[in-house]
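Here the structure is laid out as structure tokens; the discussion comes afterwards.
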Amino acid sequence: MFSFLKQGPGFYRQVVLLAAPIVLQNLITSTLGMADTFMVGMLGEAPMAAVTLANIPLFVVQLFIFGVQSGSSVLISQYWGRQEMESINRVLGVAMWVALLASSLFAAVLLACPAEFLSLFGNEPEVIALAAQYGSVAGLSYVCSAFTMMYVAAYRSMERPQLGMYILVASMVLNTFLNWVFIFGKLGAPALGVRGAALATLIARIMEVVIVILHMAKTRFFRVRPRLLLRPGMDMARRFLRYGGLVVFNETTWGLGTSVFPTIMGHMAGSTEILAAYTVAGNVDKICMVVSFGLAATTSIIIGREVGAGRPEKVRPAGAAMCALALICGLSIGLILFLFARILAPAWVFPLFKMSARSASVAVMMMTVQALVRPLKDFNSVAVVGVLRGGGDVRMATIIDTAPQWLIAIPAAVILGSVLKLDILWVYLAMSLENIVKFVFGLRRIRSDAWIRDLTRA
Numbered sequence: 009m010f011s012f013l014k015q016g017p018g019f020y021r022q023v024v025l026l027a028a029p030i031v032l033q034n035l036i037t038s039t040l041g042m043a044d045t046f047m048v049g050m051l052g053e054a055p056m057a058a059v060t061l062a063n064i065p066l067f068v069v070q071l072f073i074f075g076v077q078s079g080s081s082v083l084i085s086q087y088w089g090r091q092e093m094e095s096i097n098r099v100l101g102v103a104m105w106v107a108l109l110a111s112s113l114f115a116a117v118l119l120a121c122p123a124e125f126l127s128l129f130g131n132e133p134e135v136i137a138l139a140a141q142y143g144s145v146a147g148l149s150y151v152c153s154a155f156t157m158m159y160v161a162a163y164r165s166m167e168r169p170q171l172g173m174y175i176l177v178a179s180m181v182l183n184t185f186l187n188w189v190f191i192f193g194k195l196g197a198p199a200l201g202v203r204g205a206a207l208a209t210l211i212a213r214i215m216e217v218v219i220v221i222l223h224m225a226k227t228r229f230f231r232v233r234p235r236l237l238l239r240p241g242m243d244m245a246r247r248f249l250r251y252g253g254l255v256v257f258n259e260t261t262w263g264l265g266t267s268v269f270p271t272i273m274g275h276m277a278g279s280t281e282i283l284a285a286y287t288v289a290g291n292v293d294k295i296c297m298v299v300s301f302g303l304a305a306t307t308s309i310i311i312g313r314e315v316g317a318g319r320p321e322k323v324r325p326a327g328a329a330m331c332a333l334a335l336i337c338g339l340s341i342g343l344i345l346f347l348f349a350r351i352l353a354p355a356w357v358f359p360l361f362k363m364s365a366r367s368a369s370v371a372v373m374m375m376t377v378q379a380l381v382r383p384l385k386d387f388n389s390v391a392v393v394g395v396l397r398g399g400g401d402v403r404m405a406t407i408i409d410t411a412p413q414w415l416i417a418i419p420a421a422v423i424l425g426s427v428l429k430l431d432i433l434w435v436y437l438a439m440s441l442e443n444i445v446k447f448v449f450g451l452r453r454i455r456s457d458a459w460i461r462d463l464t465r466a
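Heads up, the sequence shown is in our numbering, so the first residue is 9 and it goes up one at a time.
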């Protein structure tokens, strides 16, 4: 029954070697991100709610960048299987153009009218004013991040995930240190509060760009050809639009849907306490996601490489084994999260954030729900991002990932939270409905074997 778990010699060793740098990178960045939240939280619940509010549209930009990154990875991993380095240069060029143009547009909006734009996502003037201070600066950092992430994605797709780990870990360490300096006014710097947190992020992202440019100039593994980056060609642009565009649409639509949830919370009674709890619970959720994210990225690399190299007999069992591995990891992490939410967090974590009794209670509820759906969420991540996308089935992956959210979870959350005005518990449960539906349809699609498609051939 579980014969698919018996892979060829070296398979699981390769999984560990590819996944470990990605998991470590995301674990460190998520942990340091929680440290950032802690430092902002020391200023009070209003500043923490303001950063959460500002990050609603910024999260959509981040998801768009991730979508372009994922879309390029689908093509690059298959071209890597065929060892077509010129085509990889062209895909990287298209991805950079798309990501930089979109992030620059968002940054311009946040610079020109931050308060007016961010008032769409909340209703408390004090929180909106603080959010505008943060968003007007933080938006610029995503332009730098777009450039870095495209390059890191290309290397990850060519089975070199260590580069992203080194760059982003160095960046997050600097970001955390500068947060301490600029938020609280240390080492002679002025105390800038939430604006200081945004400034620290911007400086760290500029450092990432410098490192990437130096690496481009010195590396021998993958020669970047500026001519192909600047003029990747219409044929590759059309190919990226056809396949990578679906992934961009998927991630951006999913990001917009995810942003609807805190927007609903931002208009509920007691929204400051709810958003503060959502910030803490969200950071814990990000830490729990690092394993599934690493497994999903690794699965996409392995599946895409085998499809591009023309070895379909290795694709099916590899996809099944990785999905089973994700489910096992999700069960283990969910149990740990449940114990953390019920025992450790109330005693040790919430007092550090100076959370009110109401915020702490809501955070415990959110993390408990996260623990229960963790196995399904991890399976869905590997199935959609790793197996279906890596195998080239980007259209069905998009449908499975976005339809349950927009057709089931969001309408249910809006009705319960905005129309019936029920307690946050019911709204948060409604948000989790998508994972159940996604699991059923994702499993059926993978078992059909209709998802293996070579996107690099005419």
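C-beta: ideal position from N, C-alpha, C; glycine also.
Predicted model, so just to flag it, every value in this text is computed and none were measured.
Quick check: what's the CA-CA separation for G398 versus L238? 26 Å
The segment 68-88 in contact with the segment 217-227 per 3-pair CB rule at 8 Å: no
In chain order, what residues of the same chain lie with their CB nearer than 6 Å to the CB of K385, ignoring the 5 residues before and after it? N443
Where are the alpha helix (DSSP H) runs, 4 residues long or more, that stay fully inside the segment 151-183, in chain order? none
Can you give the beta carbon distance from A137 to A146, rounded, assuming they're within the 8 Å contact cut? In fact, because the Cβ distance is near 15 Å, the residues do not count as touching under 8 Å.
Within 9 Å, strictly: CB atoms of V69 and I310: no
How big is the Cα-Cα spacing for P354 and R366? 12 Å
If we count the other Cβ atoms within 10 Å of its Cβ and call it buried at 16 or more, is E134 buried or exposed? exposed
Short check: CB of F114 to CB of L66, under 9 Å? yes
Output the distance between the C-alpha atoms of A411 and R213, rounded to the nearest integer angstrom. 34 Å
Can you say whether F229 is buried or exposed, counting buried as having 16 or more other CB atoms within 10 angstroms of its CB? exposed
Span of the alpha helix (DSSP H) around D409: V402 to P412
Buried or exposed: which applies to M9, given that a residue is buried once 16 or more other Cβ atoms fall within 10 Å of its Cβ? Per-residue confidence for M9 stands at a pLDDT of 44, beneath the threshold of 50, marking its modelled position as unreliable; the derived number appears in the next sentence. Burial call: exposed.
Compute the Euclidean distance between the alpha carbons of G394 and G196, then round it to the nearest angstrom. 47 Å
Alpha carbon of T271 to alpha carbon of R235, nearest angstrom: 43 Å
Could you check what DSSP says for V232 in three-state terms: helix, strand or coil? coil
Counting pairs of Cβ atoms below 8 Å between the segment 150-161 and the segment 106-120, do you hit three or more? yes
Going by CA-CA distance only, name the one from I341, A329 and L254 that's closest to Y20. A329
When we look at the beta-carbon of L446 and count the other beta-carbons within 10 Å, is it buried (16 or more) or exposed? A small fix is needed here, since residue 446 is Lys in this sequence, not Leu. Buried is the call here.
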